[in-house]
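Peer 1: Just so we're aligned, residue 14 is where the sequence shown starts under our numbering, counting upward by one.
Built from N, CA and C at the ideal position, the CB exists for glycine as well.
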Amino acid sequence: MRDYQQVVLVVAEDEALRSRCVEYLSDATQFSVVAAATADEVDEVLDASAEVACIACDFHLPGETALDLLDSLHERGWNRPVVVLTPPDDTAAASEALEAGADDFIERPTTETDCRFLANRMENLLEHDAAESELAREEDRFQTLIEASTDLVAVLDEEGRYQYLSPAVEHVFGYSVDDLLGEDGFSRVHPDDREELVAVFQELITSDDDAVQSVEYRYRTGDGDYRWYESTGRNRRQSAIGGYVVNTRDITERKQRIDSLRTLNETLHDMIRDGGASPLDDDDATRAAEITGGTNAAYYEWRTDDGVLEHECDTWSAALPETLDEASTLWETFVAGEADRVESADDGADELAGDEDAYLLFPIDREGLLVCATTGTFSEFAFSLGQMLAAGYEAVFERGRFEDALREREAELREANDELARLNQLNDVIRNVDKALVRSTDEQAIAQAVCAELTAASFVGHAWFGVPTGDGGVEVLDYDGGDSEFVSRVTELVTSADDAPAAVAMRTQEPVVVSSILDESSCSEIRQSALRRGYRGLVSIPVTHRNTVYGVLEVYLTGPDIVNETSVEVLSELGDTIGYASSAIERRRGGVGLEVVEVAIELDDVEDVVTSLAVASDCSAVVTDLVGQADRWLVYVEPSDPEAFAAVANERLSVTNVERVDDDELELTVDQFQPGEILSEYAGTFVRYEVGPEYATLTAQLPAQFDIRSLVEDLQSLSSRVQLVRKEHVTDDPENGMRLLSASLTDRQTEVLKVAFNRGYFNWPRDSTGEEIAAALGISPPTFHQHLRKALLRLLRSCLSGKPTDS
14 MRDYQQVVLV VAEDEALRSR CVEYLSDATQ FSVVAAATAD EVDEVLDASA
64 EVACIACDFH LPGETALDLL DSLHERGWNR PVVVLTPPDD TAAASEALEA
114 GADDFIERPT TETDCRFLAN RMENLLEHDA AESELAREED RFQTLIEAST
164 DLVAVLDEEG RYQYLSPAVE HVFGYSVDDL LGEDGFSRVH PDDREELVAV
214 FQELITSDDD AVQSVEYRYR TGDGDYRWYE STGRNRRQSA IGGYVVNTRD
264 ITERKQRIDS LRTLNETLHD MIRDGGASPL DDDDATRAAE ITGGTNAAYY
314 EWRTDDGVLE HECDTWSAAL PETLDEASTL WETFVAGEAD RVESADDGAD
364 ELAGDEDAYL LFPIDREGLL VCATTGTFSE FAFSLGQMLA AGYEAVFERG
414 RFEDALRERE AELREANDEL ARLNQLNDVI RNVDKALVRS TDEQAIAQAV
464 CAELTAASFV GHAWFGVPTG DGGVEVLDYD GGDSEFVSRV TELVTSADDA
514 PAAVAMRTQE PVVVSSILDE SSCSEIRQSA LRRGYRGLVS IPVTHRNTVY
564 GVLEVYLTGP DIVNETSVEV LSELGDTIGY ASSAIERRRG GVGLEVVEVA
614 IELDDVEDVV TSLAVASDCS AVVTDLVGQA DRWLVYVEPS DPEAFAAVAN
664 ERLSVTNVER VDDDELELTV DQFQPGEILS EYAGTFVRYE VGPEYATLTA
714 QLPAQFDIRS LVEDLQSLSS RVQLVRKEHV TDDPENGMRL LSASLTDRQT
764 EVLKVAFNRG YFNWPRDSTG EEIAAALGIS PPTFHQHLRK ALLRLLRSCL
814 SGKPTDS
């Protein structure tokens, strides 16, 4: 043994690699270790000390490779050993390093075993270096080096026959030296690898001295199995050896790890691609066995309803138990939720006992249990791979559950959006029906308006409206979206079947919903006809008012399960509205007073002509009356400062005329007056419009059945804030003047009478002449007098009789 420490230089940019090598070589060897990270640092170390005996150099250095460093070392006359640390499985890098003059190479050490291997290599190289410098002891030292190596070292002649085998042959190949000495080195190579191995050896033979070749192949060992080996050959025929030196190591475990990792990666990739479908199948069980290096694998899936693990797949040739429950020892592993190793079937896997000696158990979240078995033992690496596989399944299953939940949520949102769209359409229908009802003079007009509006909705295929007859049947007043043949069949069903939806709705005064015509027994008589026309569901709405049935509205839907509770409530409100309108028509025929609603609505920041003039003239104003015409409005307003208000109005292009009708009141002729236009859509009676310094207040009377919210929503187009401040139900006496006026006169006659009255035509002396009023109305004086005379005649007749008249 030397009485001094040999100095070795470790060169690596990777700090972790450098530290690992330095630490091990310092602690576990007799080396004095120094380190460098770059080629420049190597020069500094060598310049400072001539004691460096060996260099271990990483293949990749900053801005260069070990090949460049080897060139630099050769230039400065360096003739001591250099070991290149190559990337894993990079035989090309190893070959290049050896060709550039490296004495040896090993894969970058990552474990203590690898570092020990590096130390052995460096020691061997130093011994070999010493042997060459001491020719007298070269052969003895070479033999010592070979015997100490864990790799097999062999020498082959040009025919490929073994001329020398190190004692490691028994450990590596499983044969004695005598078994193989003089034998063809390729005779036990796997047939699929033999041709490539012979070709590589031929390249080595024809190469220059010290040339290196590496190759991986399978070789039949002493127990008859094939294992993977890596051999590196060097042409040393010109040396004292006189042949081809081949270093061989067993790489079976490394190849198995690579194959297992590749299979694991492919399995996880396939699971992600397939969306995490569960349960596992036979292919998954086969892959699990391959990944862990086992002989068999099985998967049991958790059945929540039954409380058992149920067999799903396996690779065993014999039948396995169909279920595992709390009586099973494997059950405990699943419940604990932790992966486990069972070294013997007797220790906890007796349910699956066969030829296997060891088991790996992997609970997969709460999905199931994966079992892998082998006839030998499982390595720690296999156990780790199995855990990674189980974790991958858990992640993919969780993703599948998340995606399922996401799809359910998306479906719920789509349904909610569809329902909202249907409600919006229903609201539009009700608003339009409200406006149409005020113009309806009889039930026929109501039926036409309602059916036309309903079938405009995308989910309504057909609607009909009918009134009850004395014999328990129904008379259809109008329909839309269907045909007379179908309507006839429906009305016959109402008469003949007590359980017909329309008959039940009129009898109970409650809506009847048929979610699916296909499944409803009460629709059997019309099922085929309805389905052929694309009708999948229906709603029968009773048309009632104060417990009186005025008719039935039946709506046929284009899909099943379209309407929900909210939609039915909206349709029921529509039935109530139609019932009120029908009641109103009936009451008018009998001269009975009608109920109306008087509302007061506040509006902030209103954009209308009166408010604009009030703000500009710095005064308040009250609109007392309105007369709407086809292309203009006559607005009667009482401002707090008439002079200022009139002055501003005369300057506005939107005001075409300003007349003083008395000391406090002005008549404005304007192109538009939005509050009046919106109110007219609801057949409302204008009462007054007050414009103050902060807000305006519109007061009007509306038919009681109408939804005030619709009017408020329309007024929001004029104001930043719209608020209902008063709502009062009042009875409109049919004998009052406004009711008689609206019932007896035409629109033009009403306009003429109101303008004449507001302009003081009936005062004496008259405040305005007939010619002036005619000009304001945009008609000729004779036409004005004709309308006025007819209006007065009709109004007098109505007042004297107490009933409206149009004769």
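1. Quick one: what does DSSP say V725 is sitting in, helix, strand or coil?
2. Roughly how many angstroms lie between the CA atoms of D368 and T388, to the nearest whole one?
3. Less than 8 Å between the C-beta atoms of A510 and V565, yes or no?
4. Going along the chain, which unbroken runs of the beta strand (DSSP E) with 3 or more residues stay wholly within the region 14–40?
5. How far does the alpha helix (DSSP H) with G405 in it reach, from first residue to last?
6. Are there 16 or more other CB atoms within 10 angstroms of the CB of N771, so buried, or fewer, so exposed?
7. Is DSSP giving F499 helix, strand or coil here?
8. Looking at the structure shown, is V556 part of a helix, part of a strand, or coil, going by DSSP?
9. How far does the beta strand (DSSP E) with D60 in it extend, from its first residue to its last?
10. Return the chain-ordered list of same chain residues with a C-beta closer than 8 Å to the C-beta of V96, the five sequence neighbours on each side being excluded.
11. Just verifying my parser: in three-state terms, what is the DSSP assignment at Y492?
12. Going by C-alpha to C-alpha distance, which of L322, D27, R33, L584 sits closest to C128?
13. If we count the other Cβ atoms within 10 Å of its Cβ and call it buried at 16 or more, is V738 buried or exposed?
14. May I ask you to report which of helix, strand or coil DSSP gives C464?
15. Using the Cβ count rule (16 or more neighbours within 10 Å means buried), how would you classify L808?
16. Suppose you measure from the CA of T763 to the CA of V489; what does that come to, to the nearest Å?
17. Would you give the residue range spanned by the beta strand (DSSP E) that D263 belongs to?
18. Could you check which residue in E380, I271, R249 has the C-alpha nearest to that of W241?
19. Can you give me the Cβ contacts of F453 inside the same chain, cut-off strictly under 7 Å, excluding the 5 residues immediately before and after it?
20. According to DSSP, simplified to helix, strand and coil, what is E831?
21. Whether or not the region 343–353 and the region 405–423 are in contact is what I'm after, with contact meaning three or more pairs of Cβ atoms, one per stretch, closer than 8 Å; do they touch?
22. So A371 packs on F391, CB below 8 Å; how close in whole Å?
23. To which residues of the same chain is H87 closer than 7 Å at the C-beta, ignoring the five residues directly before and after it?
24. Using alpha carbons as the reference points, say which of E785, V202, V609 lies closest to G237.
25. Return the chain-ordered list of same chain residues with a C-beta closer than 8 Å to the C-beta of V743, the five sequence neighbours on each side being excluded.
26. Applying the criterion that 16 or more other CB atoms from any shown protein chain within 10 Å of the CB defines a buried residue, is M14 buried or exposed?
27. Would you call the region 169–181 and the region 191–205 touching, i.e. three or more CB-CB distances under 8 Å?
28. Please identify the residue among D676, R761, R645 whose C-alpha is closest to the C-alpha of Q687.
29. Does the distance from the C-beta atom of T328 to that of A298 stay below 8 Å?
30. Taking only runs that begin and end inside the region 180–249, name each unbroken alpha helix (DSSP H) of 4 or more residues, in chain order.
31. Which residue's Cα is closest to the Cα of R249: I377, D170, Q642, N577?
32. With DSSP collapsed to three states, give me the class of G592.
33. DSSP puts V743 in a beta bridge; with which residues?
34. Name the residue from T78, I539, D431, E726 whose alpha carbon lies nearest to the alpha carbon of T99.
35. Could you tell me which residues DSSP pairs with I68 in its beta bridges?
36. Does the ligand SAM have even one heavy atom less than 7 Å from the beta-carbon of V610?
Peer 2: Let me spell this out:
1. Looking up residue 725 in the sequence shown gives position 712. It is helical.
2. Translated into positions along the sequence shown, residue 368 becomes position 355. Translated into positions along the sequence shown, residue 388 becomes position 375. Between D368 and T388, the C-alpha separation is close to 6 Å.
3. As a position in the sequence shown, residue 510 is number 497, starting the count at 1. As a position in the sequence shown, residue 565 is number 552, starting the count at 1. Not closer than 8 Å, so no.
4. For the beta strand (DSSP E) assignment, the uninterrupted runs of no fewer than 3 residues enclosed by the region 14–40 are, from N- to C-terminal side, 20–24.
5. The residue given as residue 405 occupies position 392 in the sequence shown. 393–450 is the extent of the alpha helix (DSSP H) around G405.
6. On the sequence shown, position 758 is the one that residue 771 refers to. Counting every other CB atom within 10 Å of its CB across the protein chains shown gives N771 a total of 16 or more, marking it as buried.
7. Along the sequence shown, one-based indexing puts residue 499 at 486. DSSP places F499 in helix when its eight states are reduced to three.
8. Taking the sequence shown and counting its residues from 1, one reaches residue 556 at position 543. If DSSP states are grouped into helix, strand and coil, V556 belongs with the strands.
9. By one-based count along the sequence shown, residue 60 stands at place 47. Segment 52–61 is the alpha helix (DSSP H) holding D60; no beta strand (DSSP E) there.
10. Within the sequence shown, residue 96 is the residue found at index 83, counting from 1. Closer than 8 Å at the Cβ level, and outside the excluded window around V96, lie C67, I68, A69, C70, A115, D116, D117, F118, I119, L131, R134, M135, L138.
11. As a working mapping, residue 492 is identified with position 479 in the sequence shown. Reduced to three states, the DSSP call for Y492 is strand.
12. Stepping through the sequence shown from its first residue, residue 128 is reached at position 115. The option with the nearest alpha carbon to C128 is R33.
13. Taking the sequence shown and counting its residues from 1, one reaches residue 738 at position 725. Around the beta-carbon of V738, fewer than 16 other beta-carbon atoms lie within 10 Å, marking it exposed.
14. Within the sequence shown, residue 464 is the residue found at index 451, counting from 1. Note: C464 maps to helix in three-state DSSP.
15. The residue labelled residue 808 in the question sits at position 795 within the sequence shown. Buried: at least 16 other Cβ atoms inside 10 Å.
16. Position 750 of the sequence shown holds residue 763. Position 476 of the sequence shown holds residue 489. Roughly 36 Å separates the two Cα atoms.
17. Here residue 263 refers to the residue found at position 250 when the sequence shown is read from its first residue. Per DSSP, D263 belongs to the beta strand (DSSP E) from 256–263.
18. Walking along the sequence shown from the start, residue 241 turns up at place 228. Of E380, I271, R249, the smallest CA-CA separation from W241 is found for I271.
19. As a working note, residue 453 is residue 440 in the sequence shown. A small correction: the amino acid at residue 453 is Ser; Phe does not occupy that position in the sequence shown. The residues are I459, A462, A594.
20. Residue 831 falls outside the range modelled here, since the chain spans only 14 to 820, and no answer is possible.
21. They do not touch, by the three-pair rule.
22. On the sequence shown, residue 371 is found 358 positions in, with the first residue counted as 1. On the sequence shown, residue 391 is found 378 positions in, with the first residue counted as 1. Indeed, because the Cβ distance is near 5 Å, the residues count as touching under 8 Å.
23. What you label residue 87 is simply residue 74 of the sequence shown in a count that begins at 1. Hits under 7 Å: G114.
24. Start at 1 with the first residue of the sequence shown, and residue 237 comes out as number 224. The residue with the shortest Cα to Cα distance from G237 is V202.
25. Here residue 743 corresponds to residue number 730 of the sequence shown, with the count starting at 1. Excluding sequence neighbours, V743 sits near E608, V609, V610, E611, Q714.
26. In the sequence shown, residue 14 corresponds to position 1, counting from 1. Only weak support exists for where M14 lies, its pLDDT of 44 falling under 50; the value from the coordinates is given anyway. Its Cβ having fewer than 16 others within 10 Å, M14 is exposed.
27. Yes: the two stretches touch, three or more of their Cβ pairs being nearer than 8 Å.
28. If you number the sequence shown from 1, residue 687 lands on position 674. Looking at the Cα atoms, R645 is the closest of the given residues.
29. To locate residue 328, count along the sequence shown from 1; it is residue 315. To locate residue 298, count along the sequence shown from 1; it is residue 285. Against a cut-off of 8 Å, the Cβ pair of A298 and T328 comes out as a contact.
30. Runs of the alpha helix (DSSP H) inside the region 180–249: 182–185, 190–193, 204–218.
31. As a working note, residue 249 is residue 236 in the sequence shown. With distances taken between Cα atoms, R249 lies closest to D170.
32. The count along the sequence shown starts at 1 and reaches residue 592 at position 579. Residue state for G592 is assigned as helix, using DSSP reduced to three classes.
33. As a working mapping, residue 743 is identified with position 730 in the sequence shown. DSSP, once it has assigned bridges, lists V609 as partnering V743.
34. Here residue 99 corresponds to residue number 86 of the sequence shown, with the count starting at 1. Closest by alpha carbon: T78.
35. Counting from 1 along the sequence shown, the entry for residue 68 is found at position 55. DSSP output for I68 lists L22, V95 as bridge partner(s).
36. Here there are no bound small molecules, and the ligand SAM is not part of this structure.
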